[in-house]
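J.: The listed protein sequences correspond, in order, to chains Y and R.
Going by the working numbering, the first residue of the first sequence is number 1, and it counts up by one from there.
Going by the working numbering, the first residue of the second sequence is number 1, and it counts up by one from there.
For every residue, glycine included, the Cβ atom is placed at its ideal position computed from N, Cα and C.
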Amino acid sequence: MAKTTISIDPVNRIEGHLKVEVVVDGGEVKDARCSGQLFRGFELMLLGRDPRDAALLVQRVCGVCPVAHATASALALDAAFGLDGIPDNGRLMRNLIFGSNYIQSHLLHFYHLAALDFVDVSAAADYEGLDDRLASLRSFIGRGELAPYMPRYEGDYRLSKALNQQAASHYVQALEARRIAHEMCAIFGGKMPHQVGIVVGGCTENPTADKVGAFLSKLEWLRRFIDQVWLPDVLAVAEAYSDYFAVGAGPKRWFSYGGFDLETETKDLLKRKRFFPAGIVGADLKLAAMDTGQIAEYVKHSWYEDATSGRKPAEGETAPAPEKASGYSWLKAPRYAGDAYEVGPLARTLVAYAAGDAAVKKQVDGLLSRFNARPEALFSVLGRHASRVLEAQRLVDAMSSWAMQLKPGEPVCDWREAPESGAGMGVTEAPRGGVGHWCEITNHTLSRYQLVVPTTWNASPRDDDGKPGPIEQALIGAKVRDAANPFEIVRIIRSFDPCLACSVHMLTPNGGEIGRCRAT
Amino acid sequence: MAKGEKVKEHPAIWFQASACSGCVVAALNGVAPSIRDLIVDQIAPGHHVSLRFQPTIMAGAGKIALEILAATEQAKDGYLLVIDGALPTAAGGMYGRAASASGESTMHQRALELASNATAMVAMGTCAAYGGMHAARPNPTGCVSVTEALAKAGIEKPVVNVAGCPPHPDWFTGTVGHALLFGWPTNGEVDAAGRPKRFFGKLLHDLCQRRGDFEAHKFAKSIGEPGCLYELGCKGPWTHADCPERQFNSGINWCVKAGCPCHGCVEPFFPDVSSPIYRKIELPELPRVVGDDAGQMRAIMRPQPTEEK
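1. Would Y/C62 pass as an interface residue toward chain R - the criterion being a Cβ-Cβ separation below 8 Å?
2. On a Cα-Cα basis, can you pick out the residue from R/Y230, R/A101, R/W14 that is closest to R/A120?
3. Does the beta carbon of R/L181 sit closer than 8 Å to a beta carbon anywhere in chain Y?
4. Could you pull the start and end residues of the alpha helix (DSSP H) that Y/R416 belongs to?
5. Taking just the CA atoms, how far does Y/G258 sit from R/A71?
6. Measure from the C-beta of Y/E376 to each C-beta in chain R and report whether the shortest distance is under 8 Å.
7. Under a three-way DSSP split, which group does Y/Q195 fall into?
8. Residues in the same chain with beta-carbon distance under 6 Å from Y/P468, minus the five sequence neighbours each way, listed in chain order, please.
9. Could you tell me whether any Cβ in chain Y is nearer than 8 Å to the Cβ of R/S145?
10. Taking R/Y130 as the query, report the chain Y residues whose CB atoms sit under 9 Å from its CB, ordered along the chain.
11. Residues of chain R with a CB under 8 Å from the CB of Y/H170: which are they?
12. Residues of chain R with a CB under 8 Å from the CB of Y/D132: which are they?
13. Would you say the segment 78-86 of chain R touches the segment 113-128 of chain R, given that touching needs at least three Cβ pairs under 8 Å?
14. Out of curiosity, what's the CA-to-CA distance linking R/A193 and R/A128?
15. Closer than 8 Å, CB to CB, is Y/K191 near chain R or not?
16. Output, in chain order, the set of chain Y residues within a Cβ distance shorter than 8 Å of R/T89.
17. Rounded to whole angstroms, how far is the Cβ of Y/D78 from the Cβ of Y/V196, which I believe are closer than 8 Å?
18. Three-state secondary structure (DSSP) at R/L286?
19. Once DSSP output is grouped into helix, strand and coil, what is the label at R/Q16?
20. Does R/W254 come within less than 8 Å of chain C when only Cβ atoms are used?
21. Nearer than 7 Å: is that true of the beta carbon of Y/K211 relative to any heavy atom of the ligand FMN?
22. Assign Y/Q450 to one of three DSSP states: helix, strand, or coil.
23. Three Cβ pairs or more, each shorter than 8 Å: is that satisfied between the segment 144-151 of chain R and the segment 183-191 of chain R?
24. Would the beta-carbon of R/R279 fall within 8 Å of that of R/H168?
25. Give a yes or no on whether the minimum CB-CB distance between Y/P151 and chain R is below 8 Å.
26. Grouping DSSP H, G and I as helix and E and B as strand, with all else coil, what is Y/S7?
27. Between Y/V24 and Y/A483, how many whole angstroms is the CB-CB distance? I'm expecting something under 8 Å.
28. Counting only beta-carbon separations shorter than 8 Å, does Y/F39 have a partner in chain R?
29. With a CB to CB cut of under 7 Å and the five nearest residues on each side skipped, what residues in its chain are close to Y/Y543?
30. Skipping 5 residues on each side, what residues in its chain have a beta carbon closer than 8 Å to that of R/V311?
31. Could you list which residues in chain Y have their beta carbon closer than 8 Å to that of R/D41, in chain order?
32. What distance in whole Å lies between the Cβ atoms of Y/A147 and R/R52, which are believed to be in contact at a cut-off of 8 Å?
33. Which residues in the same chain have their Cβ closer than 8 Å to the Cβ of Y/R152, if we skip the five residues on either side of it in sequence?
34. Exposed or buried, what is Y/P470 when buried is set at 16 or more other beta-carbons lying within 10 Å of its beta-carbon?
35. Distance, Cα to Cα, Y/V427 vs Y/V389?
36. Quick one: measure Cβ to Cβ for Y/S35 and Y/Y328, integer angstroms, because I've assumed they're closer than 8 Å.
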């Protein structure tokens, strides 16, 4: 294959607006550029408002993982309001709303965003059995209007016809499964997307036996789906595409802020007892402590003024420069101690594995022994897909326990007026990885608000030293067999589950900066 | 539909502008019709919407996706255009870039091009309908609603606003299904804010399960307490939607039932008049958004972008 540039714009079946360009020479990716296509200035819109509004409004950053933002915001506000812990019912309902949306988000990702890169739904065309989902797909194909499933890349669908049919049926069934997961969010959170239950101080709903019963009934439905459908499908894909255990490693540095509070008395969130542990790991899987003071954001290759490069999140500033020549993305480049880090389900799994979490070790060692693989096999496209379903299994177990800990009639929220002043940091793990919110309150209103979110880490452009971002690093070195059907590229990108809406809305601490941008 | 009857195919384009994807995810939550009905089977008896371009679920990406988009745009038969998200206009639209088969463009520009050839349009969600969260003060990217962008460009197209942040899936499928079965909503079937009266015709306050508490002056004083949420900032008396009757996520719950004051997310004033969300409103000063004030309300709520002259 001669040297060629492949531009994929838009990269569909992700959240938001992403463009990816790769330079392929001799069948191998030599260079890659991820470009976020949308800037929104979200944090500016929060300034001057009642701080309590933030946990609701900030969800509009992302309709796929709004609960992650509500949770990070509520944690930042709990701290800024000076709360010494919140009622257990509030903590537990936050976890249940958030955990349900994790399952929803991961299901959506595997079946409705990623699966069409591996599964050939056209296998349903001559289906003759009794599965009504496949009968529906057969009628659909028979009518001849094949959107949104065609056009697509062609030439590398490897499952058998029977497995393709089964996975296509599960694609349709998973639409129902993710809807049920959202129903669980609504039981304690009012509605989804953009639940309304999570507030500073706790939650708004009152847990009652009927709600707990409904929640657990739906949870058990999902447990069966995860164990009997989703995990087998991931394993079937992994068997047919086992070369993807060696594709798309990325920077081989991971961190997790930790998430799902098991108590709320410990003020330092990185030391708080949490279901997902916090920490940093590299390829040697040795755990190190996380220090948010090591995070800085670089903008040499982003459409922002160079003078704002290298700032820590709490001192961040955003001065858009939409036509800056060296820029190629609306994403900044966050770095930890100067290095690019991958965040997300794989990062959480590896941090927990390195921390010696017994449930994670059992899951991961079982998976690795099945494929006769070493832990390095997880640093891959398939490692990310496997991490999501394994995490969903663990969350189902945890949520069934949390739901039973709810106490009807006990307090749900420590609700207060906003303090005159305060500041707080809220860090947790979104389905896509570490999310941090920083807020400051002056004169009872928000005087500063900032987010650093998962896809800003994963899909970041080069930093000031020219080091590529994690997805860029995962792409560089990948083999591409057919430039017209670059399956390898989209499989690598989608394994990160990019969420562009989340990633492009950085802060300015003083409202004037945006107005100074060059208007063309 | 009886077996053997023909299903009519309706090409559709779903264009995403400055959005959060919440409207797409909301549409996935439909029960009857379900998202399976929408994508695979029939959205209404005898009618299937063929989603030629829908960035969140479509198989294709890049060039092949833009080619089918261009082919659908240029076809003589027209198409239903659904837009979610507001349209960024500041900095020449550069805050929202969008590719087309003919090269780099902006979301604002693409939306106008797509609208020009569309048969009819749905502005999906409060951002597309009125600017919404993406146009919240100080509206740094100069976001405008679909209707405003079309009016400024002199493009006349039928647009229905399916408001909500995000909308109930029934509001979307019900609006599209109605249009396919009975024709595009007439002026009498939509309110002054461009919404179908079938879903947005009544005051939420009048439908609320906690209305009895309001009448009896049983008010919750703090989050988590029983009673009407009026004193905790509920915007139900300003808001037009059938949330209390319909309820969200398969009819399980909705904001006020879950103990959160309504924040008027279906209204042109969301979010700037809605916040402070938890502060009591004064009933005698109710802003009215049905009737002739709708345009005025939008003007009040939509700060203009601050661009350097």
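T.: So, from the listed chains and residues:
1. By one-based count along the first sequence, residue 62 of chain Y stands at place 62. Yes, its Cβ sits closer than 8 Å to a Cβ of chain R.
2. For this step, residue 120 of chain R is matched to residue 120 along the second sequence. The shortest C-alpha separation from R/A120 is found at R/W14.
3. In the second sequence, counting from the first residue as 1, residue 181 of chain R sits at position 181. No, R/L181 does not count as interfacial toward chain Y.
4. For this step, residue 416 of chain Y is matched to residue 416 along the first sequence. Per DSSP, Y/R416 belongs to no alpha helix (DSSP H) and is neither H nor E.
5. Locating residue 71 of chain R in the second sequence gives position 71, where the first residue counts as 1. Locating residue 258 of chain Y in the first sequence gives position 258, where the first residue counts as 1. Looking at the two C-alpha atoms, the distance is approximately 47 Å.
6. Residue numbering aside, residue 376 of chain Y sits at position 376 when the first sequence is read from its first letter. Judged by the 8 Å Cβ criterion, Y/E376 is not in contact with chain R.
7. For the purposes of this step, residue 195 of chain Y is identified with residue 195 of the first sequence, where counting begins at 1. Three-state result, Y/Q195: coil.
8. By 1-based counting over the first sequence, the position of residue 468 of chain Y is 468. Same-chain partners within the cutoff: R462.
9. Residue mapping note: residue 145 of chain R aligns to position 145 of the second sequence, counting from 1. Output row for R/S145: interface = no.
10. On the second sequence, position 130 is the one that residue 130 of chain R refers to. In chain order: nothing, as chain Y lies at least about 14 Å away.
11. Numbered from 1 along the first sequence, position 170 holds the residue referred to as residue 170 of chain Y. Neighbours of Y/H170 on chain R: none; closest Cβ ~13 Å, over 8 Å.
12. Within the first sequence, numbered from 1, the residue matching residue 132 of chain Y stands at position 132. Ordered by position in chain R, no residue passes the 8 Å Cβ test against Y/D132, which lies about 10 Å from the chain.
13. yes
14. Taking the second sequence and counting its residues from 1, one reaches residue 193 of chain R at position 193. Taking the second sequence and counting its residues from 1, one reaches residue 128 of chain R at position 128. Whole-angstrom Cα-Cα distance: 12 Å.
15. Position 191 of the first sequence, counting from 1, holds the residue named residue 191 of chain Y. Closer than 8 Å: yes.
16. What you label residue 89 of chain R is simply residue 89 of the second sequence in a count that begins at 1. Near R/T89 there are no residues of chain Y at all, since even the closest Cβ is about 10 Å away, more than 8 Å.
17. Position 78 of the first sequence, counted from the first residue, corresponds to residue 78 of chain Y. Position 196 of the first sequence, counted from the first residue, corresponds to residue 196 of chain Y. 17 Å between Cβ atoms; not a contact.
18. Taking the first residue of the second sequence as position 1, residue 286 of chain R is located at position 286. A caution first: R/L286 carries a pLDDT of 43, below 50, which makes its placement in the model too unreliable to give a value.
19. On the second sequence, position 16 is the one that residue 16 of chain R refers to. Correct three-state label for R/Q16: strand.
20. In the structure shown, chain C cannot be found, because the protein chains are Y and R.
21. Looking for the ligand FMN in the displayed structure turns up nothing, as the structure carries no ligands at all.
22. For the purposes of this step, residue 450 of chain Y is taken as residue 450 along the first sequence, with counting starting at 1. Y/Q450: strand per DSSP, three-state reduction.
23. no
24. What you label residue 279 of chain R is simply residue 279 of the second sequence in a count that begins at 1. What you label residue 168 of chain R is simply residue 168 of the second sequence in a count that begins at 1. No, the pair does not count as a contact, with Cβ atoms beyond the cut-off.
25. The residue given as residue 151 of chain Y occupies position 151 in the first sequence. By this cut-off, Y/P151 is an interface position.
26. The sequence position of residue 7 of chain Y within the first sequence is 7, counting from 1. Strand, per DSSP.
27. Position 24 of the first sequence, counted from the start, is the residue given in the question as residue 24 of chain Y. Position 483 of the first sequence, counted from the start, is the residue given in the question as residue 483 of chain Y. About 6 Å; that satisfies the 8 Å criterion.
28. For this step, residue 39 of chain Y is matched to residue 39 along the first sequence. Taking Cβ atoms only, chain R reaches closer than 8 Å to Y/F39, which makes this a yes.
29. The question about residue 543 of chain Y has no answer here: the residues shown for chain Y are numbered 1 through 520.
30. Missing from the structure shown is residue 311 of chain R; chain R here goes from 1 to 309 and no further.
31. Here residue 41 of chain R refers to the residue found at position 41 of the second sequence. The contacting residues are S136, S139, F140.
32. Residue 52 of chain R sits at position 52 when you count from the first residue of the second sequence. Residue 147 of chain Y sits at position 147 when you count from the first residue of the first sequence. At roughly 4 Å, the Cβ-Cβ gap stays under 8 Å, so R/R52 and Y/A147 are in contact.
33. Here residue 152 of chain Y refers to the residue found at position 152 of the first sequence. Taken in chain order, the residues that qualify are L116.
34. Residue 470 of chain Y sits at position 470 when you count from the first residue of the first sequence. Flag for Y/P470 reads buried.
35. Reading the first sequence from its first residue, position 427 is the one you call residue 427 of chain Y. Reading the first sequence from its first residue, position 389 is the one you call residue 389 of chain Y. Taking the straight line from one Cα to the other gives about 23 Å.
36. Walking along the first sequence from the start, residue 35 of chain Y turns up at place 35. Walking along the first sequence from the start, residue 328 of chain Y turns up at place 328. About 5 Å; that satisfies the 8 Å criterion.
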